[in-house]
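Undergrad: Just so you know, numbering that gives the first Met the number 0 puts the end of the sequence shown at 444, numbered straight through with nothing missing.
Beta carbons: idealized from backbone N, C-alpha and C, even for Gly.
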Amino acid sequence: MSASVAPTPLESRASGPLTGTIRVPGDKSISHRALILGALAVGETTISGLLEGEDVLNTAKSMRALGATVQRTGDFAWSVRGVGVGGFAQPSETLDFGNSGTGCRLVMGAVAGCPITAVFDGDASLRSRPMRRVLDPLALMGAKVIAGGEGGKLPLTLQGARDPVPIEYRTPVASAQIKSAVLLAGLAAPGITTVIEREASRDHTELMLKHFGAEIVTTAEGAHGRRIALTGQPELCGARVIVPADPSSAAFPVVAALIVEGSDIELPDVMTNPLRTGLFTTLREMGASIEERDVRGDAGEPMARLRVRASRLRGVEVPPERAPSMIDEYLVLAVAAAYAEGTTVMRGLHELRVKESDRLEATAAMLRVNGVKVKISGDDLIVEGRGHVPGGGLVATHMDHRIAMSALVMGLAADQPVKVDDTAFIATSFPDFIPLMRKAGADFA
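The structure is reproduced here in structure tokens:
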């Protein structure tokens with residue numbers, strides 16, 4: 000079980016313009032996948048720009064425990080020597096993922112295709128989160144949970160399949176984690192493993208599997224869905240991976256610059272994969288000034304330098320089909336909506352209820368305690384923007400890094416300071432968030 004972290008409260012106050020260049024950390028989704036696929040490849044994988052937050056470091060530790068050689072070779076630079084598909088060794092220790100649902104669920108998929116048994120655990124927040132929807136398809140492939148908490152919750156012991164079976168699986172919700180777990184287990188299965196999505200989720204796993212040499216074909220399925228077919232038992236080859244800056248982390252300084260008068264910032268090398276940029280699309284619809292420059296790409300992932308300037312925002316309606324491309328960004332979008340003129344309606348947010356906390360309820364509570372009118376209707380969040388936020392509230396983060404960062408952003412333009420009960424968990428995804436924002440002009444105390 001992860002060691003408890005002492006609460007670190009912080010207050011965010013109205014600031015002068017935010018300026019300069021803010022280099023946000025490497026993308027967490029790409030960082031997890033680079034380590035896992037590097038560990039399943041033959042030969043050396045070199046990774047630059049890796050996010051060195053707690054979530055990713057726990058994935059690196061789990062890859063070592065499963066037999067791969069994982070070394071830090073410089074700042075944000077790592078080397079992985081893999082064991083090959085199906086080659087994970089029996090770990091002698093519990094695989095502890097701390098706060099990371101992504102790392103835990105993806106590694107469950109990778110372990111499910113190997114004839115080994117592993118114990119999965121995490122912190123109090125991760126222990127409360129559902130794992131059954133990942134474990135169910137893995138069971139169809141031959142993996143078994145031989146010990147675990149009620150409803151498939153951590154801690155649990157997973158026995159991988161000795162002879163994994165390829166399946167055709169239709170995901171019940173748009174979830175890159177479910178899809179990725181099935182595909183990672185399918186690497187060790189003979190024949191074709193197929194995942195069918197009604198709504199397309201993030202495609203980082205598919206792009207990176209191709210980069211490492213897997214045969215994987217994606218075709219359209221219905222109006223918004225995809226069918227992904229993976230040929231099993233490939234020999235993945237070590238590769239060079241450049242990790243782009245994380246758009247989910249960039250979301251916080253982007254919204255901060257939009258709401259703080261006179262702000263003008265740049266963020267280099269931010270991933271612009273269209274399945275990850277729903278927030279930027281929505282903010283532009285609200286009137287945001289977000290420009291893309293120096294567009295380039297690596298391993299199938301596009302990236303660009305963003306220039307963001309303070310803007311007068313207006314309320315919009317966000318369609319439910321956009322949710323998969325911005326599911327982690329709705330919290331900070333709600334902050335932007337509070338500063339907009341008019342009502343913003345965000346539809347189809349059921350997935351927010353099964354994150355690090357019930358993010359739908361927590362987001363509404365964050366806004367209400369700071370004087371913003373907000374309501375939840377089913378799975379929709381409705382924010383009545385008045386162009387300013389009264390502030391003055393104490394935000395309960397529920398050990399959720401994104402609630403903490405969203406609340407700190409909200410305080411930068413509020414009439415009264417916004418207090419946050421705990422910022423310690425920000426380190427799981429954006430370790431330098433507070434110093435980087437202070438350097439740009441943010442008033443955190």
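#1: Could you work out which residue in ALA117, ALA406, ARG401, ALA33 is closest to ALA238 when comparing CA atoms only?
#2: Quick check on the DSSP output: the alpha helix (DSSP H) that includes VAL254 runs from which residue to which?
#3: Just to confirm the assignment, what range does the beta strand (DSSP E) spanning VAL307 have?
#4: TYR338 and GLY384 look like a contact to me (Cβ under 8 angstroms); what is the Cβ gap, rounded to whole Å?
#5: Should VAL145 go down as buried or exposed, given a rule of 16 or more other Cβ atoms within 10 Å for buried?
#6: In three-state terms, what does DSSP make of GLY150?
#7: Does DSSP classify SER61 as helix, strand or coil?
#8: Since LEU153 and LEU125 are thought to touch, with beta carbons under 8 angstroms apart, how far apart are those beta carbons, to the nearest angstrom?
#9: What runs of the alpha helix (DSSP H), each 4 residues or longer, lie entirely inside the segment 54–135?
#10: Between the segment 220–237 and the segment 270–282, do three or more beta carbon pairs fall short of 8 angstroms?
#11: Could you tell me if ILE425 is buried or exposed, where buried requires 16 or more neighbouring beta carbons within 10 angstroms of its beta carbon?
#12: Which residue from ARG132, ILE289, ALA123, ARG161 puts its Cα closest to that of GLY141?
#13: For the segment 309–316 against the segment 54–72, do three or more pairs of beta-carbon atoms, one drawn from each stretch, fall closer than 8 angstroms, so that the two count as touching?
#14: Quick one, which of VAL394, ASP379, ARG275 has its alpha-carbon nearest GLY410's?
#15: Taking the straight line between their C-alpha atoms, what separation do you get for ARG22 and PRO163?
#16: Which residue from SER127, LEU139, GLU92 puts its Cα closest to that of ALA111?
#17: Between the Cα of GLY97 and the Cα atoms of VAL194, GLY52, ALA335, which residue gives the shortest distance?
#18: I think VAL133 touches ALA175, with their Cβ atoms under 8 angstroms apart; what is that distance to the nearest whole Å?
#19: Quick check: what's the CA-CA separation for LEU305 versus ARG321?
#20: Tell me which residues share the same chain as ARG226 and place their Cβ nearer than 6 angstroms to its Cβ, disregarding the 5 neighbours each side in the sequence.
#21: For a quick check, are the C-beta atoms of LEU359 and ILE381 less than 8 angstroms apart?
#22: Please report how far the alpha carbon of GLY386 lies from the alpha carbon of PHE429, in whole angstroms.
#23: Relative to the C-alpha of PRO273, which candidate in ALA13, THR396, PRO323 has its C-alpha closest?
#24: Would you report the Cα separation of ALA303 and ALA364, rounded to the nearest angstrom?
#25: What's the C-alpha gap between LEU17 and VAL82?
#26: Helix or strand or just coil, what does DSSP make of GLN176?
#27: Among residues of its own chain, excluding the 5 on either side of GLN415, which ones have a beta-carbon nearer than 7 angstroms to its beta-carbon?
#28: Counting only the same chain and skipping the five closest in sequence on each side, list residues whose C-beta sits under 7 angstroms from that of SER3.
#29: To the nearest angstrom, report how far apart ASP122 and SER47 are at their CA atoms.
#30: If we count the other Cβ atoms within 10 Å of its Cβ and call it buried at 16 or more, is ASP399 buried or exposed?
#31: Express the C-alpha separation of GLU350 and ILE326 in angstroms, rounding to a whole number.
#32: Exposed or buried, what is LYS27 when buried is set at 16 or more other beta-carbons lying within 10 Å of its beta-carbon?
#33: Should ARG104 go down as buried or exposed, given a rule of 16 or more other Cβ atoms within 10 Å for buried?
#34: If I follow the unbroken beta strand (DSSP E) through VAL315, where does it start and stop?
#35: Quick one, which of ASP421, THR396, MET436, THR427 has its alpha-carbon nearest VAL408's?
#36: What number of angstroms, rounded off, separates the C-alpha of ALA423 from the C-alpha of ASP95?
TA: Let me lay it out:
#1: Per the C-alpha coordinates, the member of ALA117, ALA406, ARG401, ALA33 positioned closest to ALA238 is ALA33.
#2: Looking at the DSSP string, the run of the alpha helix (DSSP H) that includes VAL254 is 246–258.
#3: From DSSP, the beta strand (DSSP E) with VAL307 extends over 300–308.
#4: Confirmed, about 6 angstroms.
#5: At residue 145 the sequence reads Ile, which differs from the Val that was named. It is exposed - the Cβ of ILE145 has fewer than 16 other Cβ atoms within 10 Å.
#6: Secondary structure of GLY150 (DSSP, three-state): helix.
#7: Looking at SER61 - three-state DSSP - the assignment turns out to be helix.
#8: The C-beta distance from LEU153 to LEU125 rounds to 6 angstroms, short enough to meet the 8 angstroms contact threshold.
#9: Listed in chain order, they are 100–111, 123–126.
#10: Result no; under three Cβ-Cβ pairs closer than 8 angstroms.
#11: Its Cβ being crowded by 16 or more others within 10 Å, ILE425 is buried.
#12: For GLY141, the nearest C-alpha among the options comes from ARG161.
#13: Too few Cβ pairs lie closer than 8 angstroms, so no.
#14: Closest option to GLY410, Cα to Cα, is VAL394.
#15: Going by the C-alpha atoms only, they are around 42 angstroms apart.
#16: A check of alpha carbon separations from ALA111 across SER127, LEU139, GLU92 identifies LEU139 as the nearest.
#17: The shortest C-alpha to C-alpha distance from GLY97 to any of VAL194, GLY52, ALA335 is the one to GLY52.
#18: Contact between VAL133 and ALA175 does not hold, since their C-beta atoms are separated by about 11 angstroms, which reaches or exceeds 8 angstroms.
#19: Spanning the alpha carbons of LEU305 and ARG321 requires a straight line of approximately 21 angstroms.
#20: Only ILE195, THR218, GLU220 meet the Cβ criterion.
#21: Contact check for LEU359 against ILE381 fails: the beta carbons are separated by 8 angstroms or more.
#22: Cα to Cα, GLY386 sits roughly 28 angstroms from PHE429.
#23: Checking every option, the nearest Cα to that of PRO273 belongs to PRO323.
#24: One alpha carbon belongs to ALA303, the other to ALA364, and they sit about 34 angstroms apart.
#25: Distance between the alpha carbons of LEU17 and VAL82 is about 46 angstroms.
#26: Here GLN176 carries a helix assignment [DSSP, helix/strand/coil].
#27: So the list reads PRO389, GLY390, GLY391, once near-sequence residues are dropped.
#28: Residue confidence for SER3 is low, a pLDDT of 48 falling below 50, so the modelled location carries little weight and cannot support an answer.
#29: A straight-line Cα-Cα distance of about 28 angstroms links ASP122 and SER47.
#30: Around the C-beta of ASP399, 16 or more other C-beta atoms lie within 10 Å, and the residue is accordingly described as buried.
#31: Their Cα atoms are separated by approximately 7 angstroms.
#32: Around the CB of LYS27, 16 or more other CB atoms lie within 10 Å, so the residue is classed as buried.
#33: For ARG104, the number of other beta carbons within 10 angstroms of its own is at least 16, and it is reported as buried.
#34: Where VAL315 is concerned, there is no enclosing beta strand (DSSP E), because DSSP gives it neither an H nor an E.
#35: When ASP421, THR396, MET436, THR427 are compared, the shortest CA-CA separation from VAL408 is found for MET436.
#36: Their backbone Cα atoms lie some 18 angstroms apart in a straight line.
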